[in-house]
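S.K.:
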Amino acid sequence: MIDLVLGIIALSSLAMGWIRGLSPTVGALIGFALGLLISRGVLAGMKLAGANELLDVIGPTGAFAVPFVLGLIGAAIGASWGRALRDRIRSAAGRLVDAIGGAISGLVVFCLLVWVSAGWVRTTSLIEPNQWAADSVIVRALDGAAPVPSSQALGALGEALRFNGFPDVFSGQKEQIREVDAPNPEMVAVGKEAAQSVVKITAQAPACNSASEGTGWVYSDRYVATNAHVVAAAQQISVQVAGKGQALPAQVVGFNPTIDVAVLYVPSLQAPAMQRGEDLAVGADSVVVGFPEHGPYTISPSRVRERVIAEGKDIYGEKKAIRQVYSLRADVRPGNSGGPLIAADGRVSGMVFAKSQNDDATGYALTLKEIMPTLKAAEGTRGLVPTGKCTAKN
């Protein structure tokens with residue numbers, strides 16, 4: 000049904016492009032692009048001027064509005080210039096070429112709008128629209144033709160406009176980064192095997208004027224483990240197995256803001272539970288999997304640097320939190336939060352929750368010793384638990 004509607008809109012875009020002509024459409028596109036470029040300078044200037052508090056207040060939605068508003072202003076100016084140029088075309092052949100070019104450019108604009116709109120939908124926890132986007136052949140074709148899925152592009156923009164979302168691992172304690180060999184690329188195969196037990200999580204927190212995304216893993220029938228900071232203050236949560244297909248509603252049944260652990264109960268989830276493994280030694284092969292920057296299922300081989308006792312802060316940045324964690328040589332990015340740290344035997348040995356603020360090649364995972372008390376306490380329960388207040392990061 001959604002593809003039928005999109006098909007009708009596509010034909011309308013062709014017709015409107017034919018009528019408008021190439022010059023106004025291209026002018027609008029150029030103006031829109033210039034507006035986006037200007038918006039980058041505006042947002043960067045706000046950050047340099049110390050307006051981070053204002054960016055936090057308006058939230059991701061407001062931050063996204065800045066480039067779109069400036070883009071629309073630029074498009075209006077560009078279209079007016081294009082119309083003036085078209086009025087100068089006198090010959091019939093020139094008018095025909097302009098009309099054909101307008102039809103093609105109209106279709107291109109339609110494709111861009113659908114691509115961006117589908118990406119925005121995927122950054123929300125709106126279940127039905129997410130399902131429409133997942134079912135659409137047209138959306139899948141556009142994502143396949145693009146360098147990256149639109150949700151990943153928008154997710155990267157969103158992360159660029161706010162803090163990294165991770166809790167503070169160290170507070171008053173110096174971070175020590177131990178040198179180890181590069182991760183083993185053969186661990187990619189282990190990550191592939193785990194895909195059907197890993198879920199993409201999208202959470203809406205209206206009170207925080209924000210939406211967050213993260214990763215979770217099935218540890219028991221219909222129970223998913225993730226980070227507390229992923230679902231803090233959330234009122235609507237959905238999960239997608241392997242980041243694809245139907246968005247399933249979820250509810251929080253376990254929440255530990257000090258350690259940064261949460262448990263979701265997903266009534267309609269049908270996915271195999273992951274087995275839990277043993278502690279990992281220094282230098283052990285491992286792999287981090289998840290959905291960084293709202294992108295597709297991503298596999299990042301990792302290697303254990305060491306296991307440490309970290310004195311940091313809770314997810315609100317207020318209370319002291321002492322955690323046993325793995326320091327990893329790994330590519331950990333926003334969106335990996337809550338994903339499993341998988342050992343070479345395919346079993347879970349920890350849960351990703353943060354990255355280094357000083358070294359892009361270092362991430363952190365909670366050990367099983369830290370997360371299992373919360374997971375065991377929530378298993379078998381179905382009653383909702385409070386998800387706390389907005390974090391300093393969302």
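Residues in the sequence shown are numbered from 0 upward in steps of one, following numbering that gives the first Met the number 0. Just so it is clear, CB atoms sit at the ideal spot from N, CA and C, and this is done for glycine as well.
(1) Give me, in chain order, the residues of the same chain whose beta-carbon lies closer than 7 Å to that of alanine 376; leave out the 5 immediate sequence neighbours on both sides.
(2) Taking the beta carbon of aspartate 284 as the centre, do at least 16 other beta carbons fall within 10 Å, making it buried, or is it exposed?
(3) Alpha carbon to alpha carbon, how far is alanine 227 from cysteine 202? Give it in angstroms, no decimals.
(4) So the candidates are Val4, Gly6, Gly387 and Asp142; which of them puts its Cα closest to the Cα of alanine 206?
(5) Can you tell me whether serine 326 is buried or exposed, with buried defined as 16 or more other CB within 10 angstroms of its CB?
(6) With contact counted as at least three CB pairs below 8 Å, one residue from each stretch, are the stretch 271-287 and the stretch 230-245 in contact?
(7) Over the uninterrupted beta strand (DSSP E) stretch that includes serine 12, give me the two end residues.
(8) With a threshold of 8 Å, are at least 3 pairs of Cβ atoms found where one atom belongs to the stretch 296-306 and the other to the stretch 176-192?
(9) Only counting the same chain, and skipping five residues up and downstream in sequence, which positions put a Cβ closer than 7 Å to that of aspartate 358?
(10) Pull up the distance between the alpha-carbon of proline 291 and that of alanine 353, whole angstroms please.
(11) CA-CA distance, glycine 70 and valine 287?
(12) For proline 333, name the three-state secondary structure that DSSP assigns.
(13) In this structure, what does DSSP give as the bridge partners for leucine 396?
(14) To the nearest angstrom, how far is it from the Cα of leucine 33 to the Cα of threonine 24?
(15) Tell whether a beta-carbon distance below 7 Å holds between valine 198 and glycine 215.
(16) When DSSP builds the beta bridges, which residues end up paired with leucine 263?
(17) Go to glycine 143, then tell me how far its alpha helix (DSSP H) extends in each direction, as first and last residue.
(18) Between the beta-carbon of leucine 263 and the beta-carbon of alanine 246, is there less than 7 Å?
(19) Under the rule that 16 or more other beta-carbon atoms within 10 Å means buried, what is isoleucine 18, buried or exposed?
(20) For the beta strand (DSSP E) that glutamate 310 lies in, which residues bound it at each end?
(21) Excluding sequence positions up to five away, which residues of its chain have a Cβ less than 6 Å from the Cβ of alanine 74?
(22) Since glutamate 310 and lysine 318 should fall inside the 8 Å C-beta cutoff, what is the C-beta to C-beta distance between them, to a whole number of angstroms?
(23) Assign lysine 368 to one of two classes, buried (16 or more other C-beta atoms within 10 Å of its C-beta) or exposed (fewer than that).
(24) Looking at the strands, I want to know which residues DSSP matches up with serine 237.
(25) My guess is that valine 260 and isoleucine 370 are in contact by the Cβ rule of under 8 Å, so how many angstroms apart are they, rounded?
(26) List the endpoints of the continuous alpha helix (DSSP H) containing alanine 206.
M.R.: Quick answer:
(1) Numbered from 1 along the sequence shown, position 377 holds the residue referred to as residue 376. Gly253, listed in sequence order.
(2) Start at 1 with the first residue of the sequence shown, and residue 284 comes out as number 285. When all chains shown are included, aspartate 284 counts as buried.
(3) Residue mapping note: residue 202 aligns to position 203 of the sequence shown, counting from 1. Residue mapping note: residue 227 aligns to position 228 of the sequence shown, counting from 1. Correcting the residue type first, residue 202 is alanine in the shown sequence and not cysteine. So the two alpha carbons sit approximately 11 Å from each other.
(4) If you number the sequence shown from 1, residue 206 lands on position 207. Of the candidates Val4, Gly6, Gly387 and Asp142, the residue whose Cα lies closest to the Cα of alanine 206 is Gly387.
(5) Your numbering for residue 326 matches position 327 in the sequence shown. Per the 10 Å Cβ criterion, buried.
(6) Taking 8 Å as the limit for Cβ pairs, the verdict is that the stretch 230-245 does not touch the stretch 271-287.
(7) As a first step, residue 12 must be located in the sequence shown, where it is residue number 13. Per DSSP, serine 12 belongs to no beta strand (DSSP E); it is in the alpha helix (DSSP H), 1-19.
(8) Contact between the stretch 296-306 and the stretch 176-192 is present: 3 or more CB-CB pairs across the two stretches fall below 8 Å.
(9) Position 359 of the sequence shown, counted from the first residue, corresponds to residue 358. Closer than 7 Å at Cβ, skipping near neighbours: Ile176.
(10) Numbered from 1 along the sequence shown, position 292 holds the residue referred to as residue 291. Numbered from 1 along the sequence shown, position 354 holds the residue referred to as residue 353. Each residue's alpha carbon lies about 12 Å from the other.
(11) Residue numbering aside, residue 70 sits at position 71 when the sequence shown is read from its first letter. Residue numbering aside, residue 287 sits at position 288 when the sequence shown is read from its first letter. Approximately 37 Å between the Cα atoms of the pair.
(12) The count along the sequence shown starts at 1 and reaches residue 333 at position 334. For proline 333, the secondary structure class from DSSP, reduced to helix, strand or coil, is coil.
(13) Since the first and last residues shown for the chain are 0 and 393, residue 396 lies out of range.
(14) By one-based count along the sequence shown, residue 33 stands at place 34. By one-based count along the sequence shown, residue 24 stands at place 25. A direct Cα-Cα distance of roughly 14 Å separates leucine 33 from threonine 24.
(15) In the sequence shown, the residue the question calls residue 198 occupies position 199. In the sequence shown, the residue the question calls residue 215 occupies position 216. In contact: valine 198 and glycine 215 (Cβ atoms closer than 7 Å).
(16) By 1-based counting over the sequence shown, the position of residue 263 is 264. BP columns for leucine 263 point to Val223 and Val251.
(17) In the sequence shown, the residue the question calls residue 143 occupies position 144. For glycine 143, the enclosing alpha helix (DSSP H) starts and ends at 136-144.
(18) Taking the sequence shown and counting its residues from 1, the one referred to as residue 263 is at position 264. Taking the sequence shown and counting its residues from 1, the one referred to as residue 246 is at position 247. For leucine 263 and alanine 246, no; Cβs fall outside 7 Å.
(19) Here residue 18 refers to the residue found at position 19 of the sequence shown. Its Cβ having fewer than 16 others within 10 Å, isoleucine 18 is exposed.
(20) The residue you call residue 310 lines up with position 311 of the sequence shown. DSSP places glutamate 310 inside the beta strand (DSSP E), whose first and last residues are 297-312.
(21) Numbered from its first residue, the sequence shown carries residue 74 at position 75. The residues are Ala27, Gly30 and Phe31.
(22) Residue mapping note: residue 310 aligns to position 311 of the sequence shown, counting from 1. Residue mapping note: residue 318 aligns to position 319 of the sequence shown, counting from 1. So it is not a contact: roughly 12 Å between Cβ atoms.
(23) As a first step, residue 368 is located in the sequence shown; it is residue number 369 there, counting from the start. Per the 10 Å Cβ criterion, exposed.
(24) On the sequence shown, position 238 is the one that residue 237 refers to. Under DSSP, the beta-bridge partners assigned to serine 237 are Thr201 and Pro248.
(25) Your numbering for residue 260 matches position 261 in the sequence shown. Your numbering for residue 370 matches position 371 in the sequence shown. Yes, valine 260 and isoleucine 370 are in contact; Cβ-Cβ is about 5 Å, under 8 Å.
(26) On the sequence shown, position 207 is the one that residue 206 refers to. Unbroken run through alanine 206: none, as it is neither H nor E.
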